[in-house]
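Below is one structure, written out as structure tokens; the observations come after it.
Numbering (our numbering), first residue to last: 447 to 1316.
Shown next as structure tokens:
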């Protein structure tokens, strides 16, 4: 800007413009940068001001909703929290400086197994352990100084919160999306509770790491599969706004595929079995059928067989139940199974095919049965070779030749090569080609064959086109105490009865007197005064459901509760949702790329369908931060490489930690704490702080009279920083800010001096920009420069376009990639003129000598590279 802005135009309307002269330029200030003194000075002032409240309904500024994935209260904050919440705060503070009213709330995901297990270990109530940890984390947050609206704080374990979690459960129940069924479930023997598929990582419980087994139980589910297509298709709304990796992970987890449901009749069974396949074109190659041993179908088929088969099947089933899914699906594991002495009929050929139970098929895949085409599926082939079952090639695959190399004829393979036999080679023919050995369908390509065979099946009533999904319904019930009770009452006369809405919340009973040790059934079942109730429908004796809800139900909608955190009449105000939601910027770890994000997207779509929301995607933009490591490994006490957040905070202060984490790398990359320097960040902050201390000009000085070189540097930063922040290049912004600090210091020490108007202008811009990364230092600088708190409310200044025009730029001149000279040229010089000047330089003439110039690459106005031969 060419003229000096008035203080009033440099800050927001809600901020007093200029402080008394006692706080301004020339005021007495500490001689050295003392982060502890600065924190102690500003923290109580901010507490009193509450500068980030968003409850003023008369505020007409445009709105932004910035949210960090809320923390779990397992002890104090750690370095991962420091990074995630520091980066999220950069975004929130930035948008405030761009003139937005920014909602940036905080809460705690406070139900769950870790709290319960920790309480059991210590012999205490989970409530006490949880809320003590929340108090500790809140103290640490307060010192770390994210720009939270503390008036909207929430905890998912508060009755006023989980009342509405139960309300959401009942709304899904009314819509037919919450239901109870008996099925094989993931069971953690250590935590003695069921797990959703998404909570099993590499065959182990994501919470405790114990191997997961299968167990048949009656459990509550949410029918998320009803939304499978929308959950995939609506990802189109997020293209370019979510990381590509996360979009792919969501698509892959839902796992939509197209194919056909094929009806196989079973000898001795009245009803056919429907088998889903993506390759109906290979039906002529089916030589056996495989059913999952832990499926109801396998048990039924075995029960109709001989006593010897039933006994062999039961022995095999017991072995399978002790094997994790990850082991069952391993391609390197030896195939096992048992013949059920039952037969199916191929719907196209009428061929009689044997039925086996084998653990490489999972019970939750379709009906738990697959048609085996060993010539064209590696797992089927491995099984066929293990049990000497037939292998029939039905696709003429363009397969590379393996084994002995045939004799070439005129440099080409002969036409009469023997066909590749997968049973001999051990390698399935998985490529594409045309059908063979397939009766009337011979010669068809894969896609045409799929279409024609599916039509033939449909015409005879033996099949139809179909879609299938990897996604399974969300298992939400848990056999533990510390969670939201499921609001259903079981009555012998009435069946399942929803708790009336006016009786919510169904509050947890006190833990006193309850045995919380995991035992496979919920501890709540022993709370007789709590579990035994009158049926709301008939008044007869009934019992509450003793299970509690998966904590992912709590976190699936918390972003909406922040909008009406204290509202006792509704989960959230629809009008507030219209004003603030969906979330403009969500920040959190990529470890939630499937679980939390998928569940939140599902609940949002359900609430949309129920007319509570006007949008279908909760998180418009997503930023995933990397991990904070130590010596290349994840921090842990057992590894001896744990860096305590509290220790680093005490040693270096909040600002130095925040600058270090922002400067270390792009947000999505991991940071190794061994490679960074919070001490160096502290020195940088001290250097910046001393600039404000040194400024001697008054706040009303006319900037245009200042040093033009420094002004150009300042305005280039003003112009570039917004784009860098919005593209998450926080580390580049810090680097550019460091450059501006260095140039300003040089101007003070060796140039026009501390009284130059351009020095004040640069100092004010440095303070405004540091607000994003180092709020304490920024606030103290702002105060020393003559303004009242808070710098966080200042508007980002517009760059003066006349100061962005470079009078001269440096062009590097190279010969064969080696720098030989430099030119000072106009930024508007054209390529031909620049090449002419470069060739004429004596140093370049000498470097080229009498060698031939092969090529000249000109990137005006910055680079000329002359390539010579020899």
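By construction, the Cβ of each residue, glycine as well, lies at the ideal position given by its N, Cα and C atoms.
Using a threshold of 8 Å, state whether the C-beta atoms of residue i and residue j are closer than that.
i	j	result
residue 952	residue 612	yes
residue 733	residue 820	yes
residue 484	residue 1222	yes
residue 1108	residue 692	no
residue 891	residue 900	no
residue 1287	residue 1309	no
residue 1113	residue 1071	yes
residue 815	residue 826	no
residue 1159	residue 1179	no
residue 917	residue 674	yes
residue 631	residue 640	yes
residue 1306	residue 1262	no
residue 526	residue 1073	yes
residue 1078	residue 1013	no
residue 728	residue 822	yes
residue 1034	residue 514	yes
At what residues does the alpha helix (DSSP H) containing residue i begin and finish?
i	result
residue 1206	1203-1216
residue 1294	1288-1294
residue 531	525-543
residue 511	Residue 511 -> not in any alpha helix (DSSP H); beta strand (DSSP E) instead, spanning 509-514.
residue 1092	1091-1098
So what does DSSP say about residue i, is it helix, strand or coil?
i	result
residue 668	strand
residue 627	strand
residue 791	strand
residue 1027	coil
residue 1166	helix
residue 1131	helix
residue 571	coil
residue 506	coil
residue 1184	helix
residue 969	helix
residue 1038	helix
residue 1388	Absent from the model: residue 1388. The displayed extent of the chain is 447 to 1316, so no value can be given.
residue 959	coil
residue 1056	coil
residue 1311	strand
residue 1104	helix
Between residue i and the rest of its own chain, which residues show a CB-CB distance below 6 Å, the 5 nearest in sequence each way excluded?
i	result
residue 946	982
residue 1054	1062
residue 1254	1270
residue 997	557, 558
residue 962	566, 927, 969
residue 964	637, 638
Just to confirm my understanding: we take residue i, look at its own chain, exclude 5 residues before and 5 after, and list those with CB closer than 8 Å. What are they?
i	result
residue 516	552, 553, 554, 555, 1001, 1004
residue 958	571
residue 907	709
residue 1187	1130, 1133, 1134, 1137, 1212
residue 621	1052, 1055, 1056
Got a sec, what are the start and stop residues for the beta strand (DSSP E) residue i sits in?
i	result
residue 1266	1264-1271
residue 979	978-980
residue 942	941-944
residue 1076	1074-1076
residue 1299	1299-1305
residue 490	Note, residue 490: premise wrong, no beta strand (DSSP E); alpha helix (DSSP H) at 481-495.
residue 428	Because residue 428 is not part of the residues shown, which for the chain are 447 to 1316, the question remains open.
residue 446	Here the chain comprises residues numbered 447 to 1316, so residue 446 is not present and cannot be evaluated.
If I measure Cβ to Cβ from residue i and keep anything under 7 Å in the same chain, skipping five residues before and after, which residues do I get?
i	result
residue 667	625, 627, 919, 920, 921, 922
residue 1267	1259, 1287, 1289, 1290
residue 1293	1261, 1266
residue 697	678, 681
residue 695	1039, 1040
residue 1238	497, 539, 542, 593, 1217, 1221
residue 762	739, 784, 803
Q: Could you name each continuous beta strand (DSSP E) segment of 3 residues or more that falls completely within the stretch 653-702, going from the start of the chain to the end?
A: DSSP assignment within the stretch 653-702 yields the following whole beta strand (DSSP E) runs of 3 residues or more, N-terminal first: 659-668.
Q. Whole alpha helix (DSSP H) runs in the stretch 1210-1260 with 4 or more residues, listed along the chain?
A. The DSSP assignment places complete alpha helix (DSSP H) segments of no fewer than 4 residues inside the stretch 1210-1260 at 1221-1230, in order along the chain.
Q. Can you list the beta strand (DSSP E) stretches of 3 or more residues lying completely in the stretch 862-934, in chain order?
A. Complete beta strand (DSSP E) runs here, min 3: 879-881, 909-914.
(Q) Just to confirm the assignment: which complete beta strand (DSSP E) runs, minimum length 3, are found wholly within the stretch 705-758? (A) If we require 3 residues or more, the beta strand (DSSP E) runs fully inside the stretch 705-758 come out as 719-723, 734-737.
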